[in-house]
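Heads up, the thing below is written out as structure tokens.
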Amino acid sequence: MSKTSSNPISTNNTSFTILLNSSNEQSTIISSSIASNSKSDDEQKQDIINLIDEWCKKMKEENNKQDFHLKESID
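Residue numbers (my numbering): 3 to 77.
Rendered as structure tokens:
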């Protein structure tokens, strides 16, 4: 039986959801609503970065897994 891991990121102007499948087949969902009329694009991007960073820290603490680091401005 083969295992596949996908990390879809779904975004739009008003909300985003990040679904991450770990190797033990448990899913973690991070979601947040962002009012597009009250925040600039840069503020929305920073909110997403902060949530992903929090997820990385949580995964490290809860699962004693490798340390995840978020690198910004890499294409």
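We put the CB at the ideal spot given by N, CA and C, even for glycine. All figures in this text were calculated on a predicted structure; none of them were measured in a lab.
Delimiting residues of the alpha helix (DSSP H) encompassing residue i
| i | result |
| --- | --- |
| residue 41 | Segment: none, residue 41 is in no alpha helix (DSSP H) and carries neither H nor E. |
Through-space distance from residue j to residue i, alpha-carbon basis
| i | j | result |
| --- | --- | --- |
| residue 63 | residue 53 | 15 Å |
| residue 58 | residue 42 | 25 Å |
| residue 48 | residue 40 | 14 Å |
| residue 61 | residue 45 | 24 Å |
| residue 75 | residue 65 | 27 Å |
| residue 50 | residue 56 | 10 Å |
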